[in-house]
Structure formats: structure tokens, C-alpha cells
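One structure is given here, and the rest of the page talks about it.
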Amino acid sequence: MSTHPTFKLAGVMGWPIAHSRSPSIHNHWIQQHGLNGAYVLLPVNPANLQDALKGLSALGFAGCNLTIPHKVMALSLVDRIDDTARRMGAINTIVVEADGSLSGYNNDGFGYIQSLRDAHQEWRADAGPVLVMGAGGAARAVIVSLAEQGAKDIRICNRTDASAYALATEFTADFAQASDAAKGAVVTAEPWEKRHDAVADVALLVNTTSQGMGSNPPLDLSLDQLPLQALVSDIVYIPQETPLLKAAKARGNPTAGGLGMLLHQARPAFNAWFGVMPEVTPALRQKVEATL
Ligand code: ATR
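Counting in the working numbering, the sequence shown runs from 0 upward without gaps.
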């Protein structure tokens with residue numbers, strides 16, 4: 000491998016990490032743009048995360064992505080955190096600065112918003128109430144990204160009601176203090192047992208739970224009362240058409256799958272490391288689809 004100074008390295012830290020699609024995405028762009036660099040898998044045991052992050056600069060890395068289980072722990076291990084990542088409570092991208100210090104970002108929300116725009120150019124965050132199913136890390140990223148785009152009425156519905164209420168309280172207080180587009184966004188919780196009624200007047204329904212993924216059962220949610228123009232989105236991308244999306248399509252609702260979020264979240268990180276803002280092309284989509 001070349002040690003030429005313009006050779007740029009980046010990678011993804013996780014544990015386990017072998018399943019990650021990120022190398023396919025970033026190495027596709029490195030090739031496409033004729034860059035001198037590589038994006039590698041970095042299997043890092045959580046016990047070694049601090050040492051691994053400290054080593055990035057010494058090893059000449061431009062930065063890295065973080066995935067399960069490192070996204071939250073890394074918050075306390077970087078030198079600065081941008082506002083969006085702080086709100087989300089997790090980091091998925093680290094940039095090694097010229098002085099060797101580490102800056103933390105979270106581009107999952109950027110990826111989510113771009114994936115909706117990709118699927119429906121006319122989509123707007125302020126079109127009406129949003130219903131978010133789930134209250135885990137993915138829900139946090141989705142809620143913050145929607146509020147930062149101007150969504151003002153965000154509702155959370157989660158199997159464990161207490162988590163939905165806790166998230167609603169935290170975000171409503173946070174957004175009340177905001178000085179950006181998230182200012183004044185109100186986040187409320189809907190009881191899980193009322194979920195079939197909660198879809199009645201929403202403009203966007205999003206699944207952030209693991210239901211419908213792989214061999215998991217479908218999300219237990221009736222779409223009977225959902226307005227026909229409501230956009231239905233699922234951040235699950237295996238399968239690309241989850242039972243929720245299939246049901247939404249069958250009744251005529253517009254839909255957006257989860258693969259776009261995975262592809263688009265990689266773009267700002269690539270830009271920060273390699274100095275080129277890459278595009279999500281049909282060729283890239285096909286390459287990653289082939290690995291699913
Ligand atoms: P992530 O960080 O990817 O969001 P997570 O934090 O484990 O993952 O969250 C998974 C989400 O899926 C949670 O909202 C979880 O609900 P609970 O808070 O009640 O655990 C939701 N989930 C998992 N299994 C579920 C099921 N069988 N039915 C409904 N929701 C489920």
C-alpha cells in the first residue's frame with residue numbers, strides 16, 4: 000500500500016463489523032473519483048474504543064464512521080461534537096482535524112431527509128403531523144432531522160410507552176430552547192395501545208423499530224385510518240420492501256424505503272474526508288442492493 004502523503008484512509012469501527020456495507024459505498028466513490036485512498040473495516044471491541052480513536056491520527060486516518068455499539072460511547076471520547084449529533088445523543092462520523100483532534104458528527108438524519116427527497120421531490124417536513132414508531136437511537140436521529148427541517152408536530156409511539164414519553168419531554172424542552180429551524184417543534188407521545196388510531200391525521204408515518212427487518216415479524220400497525228396522501232417510510236432496508244411498505248403501497252400511499260438513508264448518510268462523511276461531495280447513483284444503488 001502506498002504511503003504517499005495524498006493517500007487517504009478512512010474506515011468504520013464496529014463490533015461486530017463484517018456485515019457493514021460502508022466499504023462498498025465509500026470504495027465505490029474512491030474509485031469513481033479516481034482518488035488515492037481506501038476505506039476499511041475496523042473491528043474494535045468496545046473496551047478498546049478509546050485507544051482506537053486515539054490511534055486514528057497516528058495511523059494517518061482522515062476519520063471514521065462508527066456503528067453499533069460505539070455510537071453513544073464515542074460522545075465522551077471526541078474533542079468536539081456538533082449540535083445535531085449532541086441532540087441525537089450519538090455520533091456516526093469522526094473527522095480527524097489538522098491538529099489531530101477529533102470532531103464528532105451524526106449524518107444519519109441528513110441521510111434520512113435526503114432519502115425522503117429522493118423518493119418524493121415535493122416532500123416537505125412541515126406538511127403536517129409526523130408519527131414516529133419506535134423510541135430507540137434511530138428514532139432520535141429521525142426526530143431531530145425532521146425538527147431541524149421544520150416539522151412542528153411530531154408524535155412518538157413505542158411499545159414501551161415510558162420511552163416515548165421520556166423522549167417527547169426531552170425533545171420538546173430541547174427544541175423550545177433552539178435557535179435554528181427546530182425552534183418550537185412540539186414532540187408528544189401516543190400510547191402504544193392507541194397506535195391504530197394514531198395514524199388518522201398524519202402526513203408522514205415512519206417506522207424506526209426493528210419490526211419487519213429480516214425474519215422479524217411485521218410492525219403490528221393497521222393503516223386503515225391513515226390518510227391516502229400520507230408518506231410511509233421505513234428505515235429498515237432488509238428487505239427493501241418491508242410488510243409495512245407493501246401494505247402502504249397496496250392502498251395507494253406514497254412510500255420510501257430505508258436503503259436511501261444508508262447511502263445518503265455516507266455522503267457528508269466522504270466529503271469531509273476526501274474533499275468531494277459524492278452522489279448516490281443508480282450504479283451505486285445496484286452495487287449495494289447486490290449485497291443485501
Ligand atoms: P435502534 O437504536 O436501532 O433504534 P433500539 O434502541 O434497540 O434500536 O430500538 C429498537 C426499537 O424497536 C425500540 O423502539 C423498540 O421498542 P421498545 O422500546 O419497547 O423495546 C422497538 N421494538 C423492538 N421490538 C419490538 C416489537 N416486537 N414490537 C414493537 N416494537 C419493537
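Backbone N, C-alpha and C define an ideal beta-carbon position, used for all residues, glycine too.
query                                                                                                                    : result
Top-ranked residue by Cα proximity to Phe-269, from Leu-58, Asp-78, Val-94                                               : Val-94
Nearest to Val-43 (by Cα), restricted to the options Val-198, Ile-67, Arg-116                                            : Ile-67
Check whether Val-143 and Val-131 have beta carbons under 8 Å apart                                                      : no
Outcome for Cys-35 when other beta-carbon atoms lying within 10 angstroms are tallied against a minimum of 16            : The residue asked about is misnamed: residue 35 is Asn in this sequence, not Cys. Asn-35 should be labelled exposed.
Endpoints, the alpha helix (DSSP H) within which Lys-248 is located                                                      : 242–249
Alpha carbon of Thr-92 to alpha carbon of His-18, nearest angstrom                                                       : 18 Å
Separation of Gly-256 from Ile-234, as counted between CA atoms                                                          : 6 Å
Residues surrounding the ligand ATR [beta-carbon distance to nearest heavy atom under 6 Å]                               : Gly-133, Ala-134, Gly-135, Gly-136, Ala-137, Ala-138, Asn-157, Arg-158, Thr-159, Ser-162, Thr-207, Thr-208, Ser-209, Gln-210
Under the three-state DSSP convention, the category Ala-289 falls into                                                   : coil
Selected residue, minimal CA-CA separation from Ala-61, among Thr-159, Arg-116, Gly-274, Leu-145                         : Gly-274
Neighbourhood of Ser-100 by C-beta distance below 6 Å, restricted to the same chain and skipping five residues each side : Asp-78
Beta-carbon proximity list for Ala-146, same chain, < 6 Å, skipping 5 on both sides                                      : Phe-174, Ala-181, Ala-184
Minimum C-alpha distance to Trp-104 - residue among Ala-118, Ala-167, Ala-124, Asp-82                                    : Going by the sequence as given, residue 104 is Tyr instead of Trp. Nearest C-alpha to Tyr-104: Asp-82.
Helix, strand or coil at Pro-277 according to DSSP, with G and I counted as helix                                        : coil
As assigned by DSSP and simplified to three states, the class of Tyr-236                                                 : coil
Sequence ranges, beta strand (DSSP E) only - wholly within the stretch 65–119, length at least 3                         : 92–95, 101–104
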